[in-house]
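Colleague: Here the numbering used here is used: the first residue of the sequence shown is 44, the next is one more, and so on.
Note that the Cβ used here is the ideal one computed from N, Cα and C, for glycine as well.
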Amino acid sequence: MLTRRPRDFLLSRWPLRCWAHLLTGALFGSGVLVGLVLLTALGVVLSVVGVGLLLLGCAALAGVPVAAVERRRLRLVAAMPVTSPHEPAAGVTGRRRLRHLCTERATWRELGYAALLAVVFAGAGLGLVVLLAFSVLLVATPVVVWALAPEAVMVIPGQAVPHPPAALPFTLVGLVGVVLSAYASGWLTVAQVRIAWHLLAPREDETYRQVVELTRSRARLADAFEAERRRIERDLHDGAQQQLVALTMTLGLAELEVADVSPEGAALIARGRGEARRALDQLRDLVRGIHPQVLTDHGLAAAVAEVALRTPLEVTVDIALPRRLPALVETTAYFTVTEALTNATKHSGASKITITGRLESDRLTLLVTDNGGGGADPARGTGLSGLADRLAILRGRLLVSSPVGGPTAIRVEVPCSE
Numbered sequence: 044m045l046t047r048r049p050r051d052f053l054l055s056r057w058p059l060r061c062w063a064h065l066l067t068g069a070l071f072g073s074g075v076l077v078g079l080v081l082l083t084a085l086g087v088v089l090s091v092v093g094v095g096l097l098l099l100g101c102a103a104l105a106g107v108p109v110a111a112v113e114r115r116r117l118r119l120v121a122a123m124p125v126t127s128p129h130e131p132a133a134g135v136t137g138r139r140r141l142r143h144l145c146t147e148r149a150t151w152r153e154l155g156y157a158a159l160l161a162v163v164f165a166g167a168g169l170g171l172v173v174l175l176a177f178s179v180l181l182v183a184t185p186v187v188v189w190a191l192a193p194e195a196v197m198v199i200p201g202q203a204v205p206h207p208p209a210a211l212p213f214t215l216v217g218l219v220g221v222v223l224s225a226y227a228s229g230w231l232t233v234a235q236v237r238i239a240w241h242l243l244a245p246r247e248d249e250t251y252r253q254v255v256e257l258t259r260s261r262a263r264l265a266d267a268f269e270a271e272r273r274r275i276e277r278d279l280h281d282g283a284q285q286q287l288v289a290l291t292m293t294l295g296l297a298e299l300e301v302a303d304v305s306p307e308g309a310a311l312i313a314r315g316r317g318e319a320r321r322a323l324d325q326l327r328d329l330v331r332g333i334h335p336q337v338l339t340d341h342g343l344a345a346a347v348a349e350v351a352l353r354t355p356l357e358v359t360v361d362i363a364l365p366r367r368l369p370a371l372v373e374t375t376a377y378f379t380v381t382e383a384l385t386n387a388t389k390h391s392g393a394s395k396i397t398i399t400g401r402l403e404s405d406r407l408t409l410l411v412t413d414n415g416g417g418g419a420d421p422a423r424g425t426g427l428s429g430l431a432d433r434l435a436i437l438r439g440r441l442l443v444s445s446p447v448g449g450p451t452a453i454r455v456e457v458p459c460s461e
């Protein structure tokens, strides 16, 4: 409208919106300038005592809240809202969120925009607001003359206006100033909106969006798989397992009833009750293998320690974690360790296994080593390729070192920040 239909622009609400945008931008930009200067100056002065480094860090991150305010303020003049480039990450708070912001390019683009707003846009907007105010004052000169002193009023230094009609030339000059201010405000607003779109909007090409969507779909598949496994576990625990318990009790009562009448029948019933008990034990082991309750209640370290006790080899567990990890990370890490223990028991010929686990920079690292003969090869169907695929869903990785003659070391790395 500004270039194609300038008259329509002048008679529309857009000049008012542009003036409001520039006035609020001038006030807000002046406050941003004062804040940046104070934070930077105090940070440099107090850097010798360490507090200044914190102030400089606050100055570096000042663009984030400034950009958030600007995205809301741009709704006055932008046809489409400017969205934030920062993706909300569930469960990421505190220092992890701060580290994530410092490593994002969008954070530094927002800081650059804050500097432009404080120095360029605030100054230019303030100048246009002053021009508008002076032009409005000139337009209202006849009214001022009539209200204050119809005989003579000092309108500008050194020149008196004798009566209201003589002030009409000043009104014409004021109208020209208002028109110039409207168009200049429109062009300045257009420039600011374009720069805001370039610096504050997310930069995502088609390939990046496809990668993000693929990652999210894989995570959704992993969550769905985990939910289905928990459903199967619940059905087995509440259905088949309870029925086997009831069958065992019924066979026990039947054995008591026929013991005196038919010893042979009682022996058959006792045999059937033993089979039912063994089936119940196998079902309990199966349910425990689907998702152990200790993993849900006490975390990864306790669950690995429990499975180590059931392993026929000597297993040393050293997992020290400062906190509970996300449920999907714990589940993936647990089944990776159990698969590694199964492979070592069946194929390596080892007599001792060591499991260590640490959390370093929001990344879980597990190391499973054994003193077996080595030679582990994912291509031979030992389950290592399946473990790598399971970890890839969480953007983790599996590193295997298994020279012929041993030892075998399996290193698992899983990010826990997202």
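Just to confirm the assignment, what range does the beta strand (DSSP E) spanning Ser413 have?
Modeller: It should be pointed out that residue 413 corresponds to Asp in this sequence rather than to Ser. Here the beta strand (DSSP E) through Asp413 covers Arg406 to Asp413.
Colleague: Going by DSSP, name the residue or residues bridged to Ile453.
Modeller: DSSP output for Ile453 lists Val411 and Val443 as bridge partner(s).
Colleague: Starting from Thr359, follow its DSSP beta bridges and name the residues at the other end.
Modeller: Bridge partners of Thr359: Thr397.
Colleague: Taking the alpha carbon of Trp57 as the reference point, which residue from Leu181, Gln325 and Val222 has its own alpha carbon closest?
Modeller: Nearest C-alpha to Trp57: Val222.
Colleague: Against chain C, does Leu82 count as a neighbour if the rule is that its beta carbon must be under 7 Å from one of theirs?
Modeller: As a matter of chain content, chain C is missing from the structure shown, which is built from one protein chain.
Colleague: Would you mind reading off the limits of the alpha helix (DSSP H) that contains Ser224?
Modeller: Unbroken alpha helix (DSSP H) run through Ser224: Leu211 to Leu243.
Colleague: The alpha helix (DSSP H) spanning Ala149 covers which residue range?
Modeller: Unbroken alpha helix (DSSP H) run through Ala149: Arg148 to Leu159.
Colleague: Quick one: what's Pro458 bridged to in DSSP?
Modeller: Paired residues: Arg406.
Colleague: With distance defined between alpha-carbon atoms, name the residue in Val163, Lys395 and Val443 nearest to Leu70.
Modeller: Checking every option, the nearest Cα to that of Leu70 belongs to Val163.
Colleague: Can you give me the C-alpha to C-alpha distance between Ile453 and Gln235, rounded to a whole angstrom?
Modeller: One C-alpha to the other measures close to 54 Å.
Colleague: Given Thr408, which residues of its chain have a CB within under 6 Å of its CB, disregarding the five upstream and five downstream residues?
Modeller: If we look at Thr408 and ignore the five residues flanking it on each side, its Cβ neighbours are Arg401 and Glu456.
Colleague: Do the region 100-109 and the region 154-161 touch if we need at least three Cβ pairs shorter than 8 Å?
Modeller: Touching, yes, given that three or more Cβ pairs across the two stretches are closer than 8 Å.
Colleague: Which residues in the same chain have their Cβ closer than 7 Å to the Cβ of Val216, if we skip the five residues on either side of it in sequence?
Modeller: Closer than 7 Å at the Cβ level, and outside the excluded window around Val216, lie Leu181.
Colleague: Assuming Glu349 and Val337 are in contact, meaning their beta carbons sit under 8 Å apart, how far apart are those beta carbons, in whole angstroms?
Modeller: Going by Cβ atoms, the distance from Glu349 to Val337 rounds to 5 Å, so yes, they are a contact pair.
Colleague: Among residues of its own chain, excluding the 5 on either side of Leu82, which ones have a beta-carbon nearer than 6 Å to its beta-carbon?
Modeller: The answer, listed in chain order, is Leu98, Cys101 and Ala102.
Colleague: Do Thr412 and Thr388 come within 7 Å of each other at the CB atom, strictly closer than that value?
Modeller: Not a contact, by the Cβ cut-off of 7 Å.
Colleague: Is it right to say Pro335 is buried, meaning 16 or more other beta carbons lie within 10 angstroms of its own, or is it exposed?
Modeller: Pro335 is buried by the Cβ-count criterion.
Colleague: May I ask which residues mark the beginning and end of the alpha helix (DSSP H) holding Val109?
Modeller: Taken as a continuous stretch (DSSP letters only), the alpha helix (DSSP H) holding Val109 covers Gly106 to Arg116.
Colleague: Under the three-state reduction of DSSP, which class applies to Thr374: helix, strand or coil?
Modeller: Thr374 falls in the helix class under three-state DSSP.
Colleague: Mind checking Ala132: buried by the 16 CB within 10 Å criterion, or exposed?
Modeller: At Ala132, the pLDDT of 49 sits below 50, so the modelled position is not reliable and the matter cannot be decided from this model.
Colleague: Less than 7 Å between the C-beta atoms of Gly317 and Leu294, yes or no?
Modeller: The answer is no: Cβ separation not under 7 Å.
Colleague: Please list, in chain order, all residues of the same chain as Leu384 whose beta carbon is under 6 Å from its beta carbon, the five residues on each side excluded.
Modeller: Closer than 6 Å at the Cβ level, and outside the excluded window around Leu384, lie Thr354.
Colleague: State the Cα-Cα distance for the pair Pro212 and Arg118, rounded to the nearest angstrom.
Modeller: Straight-line Cα distance between these residues: approximately 38 Å.
Colleague: Drop a sphere of 10 angstroms on the beta-carbon of Ser178, count the other beta-carbons inside from all chains shown, and report buried for 16 or more, exposed for fewer.
Modeller: Buried, since its Cβ has 16 or more Cβ neighbours within 10 Å.
Colleague: What did DSSP end up calling Arg438 once you bin it into helix, strand or coil?
Modeller: Correct three-state label for Arg438: coil.
Colleague: Checking 7 Å against the spacing of the C-beta atoms, do Ser224 and Leu65 come in under that value?
Modeller: Cβ distance not < 7 Å, so Ser224 and Leu65 don't count as in contact.
Colleague: Tell me whether Leu442 is buried or exposed, calling it buried when 16 or more other Cβ atoms sit within 10 Å of its Cβ.
Modeller: With fewer than 16 other Cβ atoms within 10 Å, it is exposed.
Colleague: In the DSSP assignment, find the unbroken alpha helix (DSSP H) run with Val75 in it and report its ends.
Modeller: Where Val75 is concerned, the enclosing alpha helix (DSSP H) stretches over Trp57 to Val88.
Colleague: Under 8 Å by Cβ, that's how I've got Leu437 and Leu371 pegged, so tell me the actual separation to the nearest angstrom.
Modeller: Between Leu371 and Leu437 the Cβ distance is about 7 Å, and since that is below 8 Å, they are a contact.
Colleague: Rounded to a whole number of angstroms, what is the C-alpha to C-alpha distance between Glu382 and Thr399?
Modeller: Looking at the two C-alpha atoms, the distance is approximately 15 Å.
Colleague: Quick one: using the 10 Å Cβ neighbour count with 16 as the cut-off for buried, is Thr146 buried or exposed?
Modeller: With fewer than 16 other Cβ atoms within 10 Å, it is exposed.
Colleague: Please go through the same chain and pick out, in chain order, the residues whose beta-carbon is closer than 6 Å to the beta-carbon of Thr232, but skip the five residues on each side of it.
Modeller: These residues qualify, in order along the chain: Cys61, His64 and Val120.
Colleague: For the putative contact between Gly415 and Gly392, defined by C-beta atoms under 8 Å, what is the C-beta separation to the nearest angstrom?
Modeller: Their Cβ separation, rounded to whole angstroms, is 5 Å, which keeps Gly415 and Gly392 in contact under 8 Å.
Colleague: Should Pro458 and Arg406 be called a contact, given that it needs their Cβ atoms to be closer than 7 Å?
Modeller: Contact flag set, yes.
Colleague: Kindly indicate the opening and closing residues of the alpha helix (DSSP H) around Val167.
Modeller: For the sequence presented, residue 167 should be read as Ala rather than Val. Its alpha helix (DSSP H) spans residues Ala165 to Val182.
Colleague: Rounded to whole angstroms, what is the Cα-Cα separation between Leu154 and Ala176?
Modeller: When rounded, the distance between both Cα atoms is 31 Å.
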